[in-house]
Structure formats: C-alpha cells, structure tokens
Amino acid sequence: MKRSFLGGCLLAAGMTMLSGGAAMAASPPPGTPSAADISAARTSAAQPATYDRLARFFVRLDRHQAGRFTSGEVSDSAAAAKAPQLTGSVHPVYSLSPEFVRGDAGAPVAKFVHLATGARSATGQQASLWLKKGVRGDWQVVNIVSSPYDATYPAQSGTGGQ
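Numbering (my numbering), first residue to last: 4 to 165.
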C-alpha cells in the first residue's frame with residue numbers, strides 16, 4: 004500500500020513536470036527575435052561589404068590552414084576568386100540560461116544569443132556568420148567562424164529561420 008501510494012505520488016509529480024515542461028517549451032526563450040528581425044538580419048548579411056569581408060576571410064583561412072601568417076593584405080583578385088555566397092536561412096542561436104543551470108525556479112531553459120547564417124566559397128569552404136543587433140537597432144555581422152555548424156544545427160532544430 005505504502006509503495007503504491009509513493010509510486011502514485013511520483014507518477015503525479017512526473018506528469019506535472021512533463022506538462023509544465025511542455026508549456027515552457029511552447030513559449031519562446033527570452034530575447035527571441037521576431038520574423039521582421041530575422042528578415043532584416045538577412046538583408047544586412049546580404050550587403051556587398053559582407054561578401055567582401057567573407058571573401059577576405061576565406062583567403063585568410065587558406066593561409067591559416069597552410070601555416071602562413073593571416074594578417075597580411077588580401078589582393079582583390081584573390082578575394083574575387085572566393086566568390087562567397089550565403090547559404091540557407093537565418094536562424095536564431097540559443098544558449099543554456101545560467102539561471103536554469105543554477106536551478107533557479109521559473110528560469111528559462113535557454114536565451115537568445117545571436118542569429119546565424121551559412122556561407123560557402125567558390126572553392127568549397129564553409130563558414131557561419133553571426134549577426135547581432137547594433138546600438139542603433141540595425142543588424143550587423145559581428146563574427147565569422149570557419150565552421151558551418153552555427154548555421155546548420157539551428158536549422159536542423161527547427162528554430163524558425165528565414
């Protein structure tokens with residue numbers, strides 16, 4: 004009798020936690036960008052200055068992978084040969100909330116960190132662009148990383164990109 008009562012209590016507690024978890028999962032994490040934000044970030048990423056920056060990034064990546072210094076000038080012809088293109092949609096990237104990890108009651112599981120989209124050079128290199136809102140409210144490319152994962156993993160998770 005005691006065991007079945009305890010089992011019933013545990014089952015009820017588990018169901019409550021699961022249903023609460025589903026409700027929490029349904030609400031977007033704090034700072035989640037709107038569809039308009041994602042569209043504006045995509046427009047910002049598609050500017051000619053971004054393509055130039057990406058091309059020079061890919062040339063420097065070649066140098067780095069060859070064990071050479073990367074800080075030198077990049078010729079316009081070397082940059083043009085990279086002919087970078089944006090790939091895929093812009094997706095929000097989230098990180099675990101420190102409050103959740105600490106175990107704070109009611110803390111969101113994740114927080115919005117930045118938007119990301121992929122890029123590919125004409126020679127097959129891949130990268131991810133990170134976009135954040137600037138002080139004037141405009142979206143800016145704040146980082147380029149030599150891995151497609153910041154763009155591809157959020158796309159696979161179904162976080163609603165454009």
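C-beta atoms are modelled at their ideal positions from N, C-alpha and C, and glycine is treated no differently.
message: Using CA atoms only, rank isn't needed, just tell me which of V144, A130, R56 is closest to S78.
response: The shortest Cα separation from S78 among V144, A130, R56 belongs to R56.
Beta bridge counterpart(s) of T90 as assigned by DSSP: Paired residues: G121.
- prompt: By Cβ distance, which residues of its chain are closer than 7 Å to D153, with the 5 residues on each side in sequence left out?
  reply: Answer for D153: V96, A119, S131, W133, listed in chain order.
query: Sorted by chain position, which residues of the same chain lie with C-beta nearer than 7 Å to V62's C-beta, five sequence neighbours on each side aside?
result: Cβ neighbours of V62 beyond the five flanking positions: V77, A81, A82, K85.
- request: Could you tell me the boundaries of the alpha helix (DSSP H) in which Q128 lies?
  value: Looking at the DSSP string, Q128 is not in any alpha helix (DSSP H), and its letter there is neither H nor E.
query: Is the number of C-beta pairs between the stretch 87-107 and the stretch 142-158 that are closer than 8 Å three or more?
result: Yes, since at least three Cβ pairs between the stretch 87-107 and the stretch 142-158 fall closer than 8 Å, the two stretches touch.
task: Would you kindly check if the distance between the Cβ of K114 and the Cβ of S100 is under 8 Å?
output: In this structure, the beta-carbon distance from S100 to K114 falls below 8 Å.
message: Do V144 and A48 count as a contact pair if the criterion is CB distance below 8 Å?
response: Less than 8 Å divides the Cβ of A48 from the Cβ of V144.
- prompt: Around the Cβ of I147, are there at least 16 other Cβ atoms within 10 angstroms (buried) or fewer (exposed)?
  reply: I147 comes out buried.
- prompt: Where are the beta strand (DSSP E) runs, 3 residues long or more, that stay fully inside the stretch 39-104, in chain order?
  reply: If one requires a minimum length of 3 residues, the beta strand (DSSP E) runs lying completely within the stretch 39-104 are 88-99, in chain order.
field: Close Cβ partners of P33 (< 6 Å) along its chain, the five nearest in sequence each way excluded
entry: Within the same chain, P111, K114 come within 6 Å of P33 by CB-CB distance, once the 5 residues on both sides are set aside.
task: Work out the CA separation of P36 and P87 for me, nearest whole Å.
output: The alpha-carbon atoms of P87 and P36 are separated by roughly 26 Å.
message: Between which residues of its own chain and L64 is the CB-CB distance below 7 Å, once the five residues before and five after are set aside?
response: Residues of the same chain with a CB within less than 7 Å of the CB of L64, apart from the 5 flanking positions on each side, are Q128, S149 in chain order.
message: For A122 and D107, what's the separation of their Cα atoms in angstroms?
response: When only Cα atoms are considered, A122 and D107 end up about 38 Å apart.
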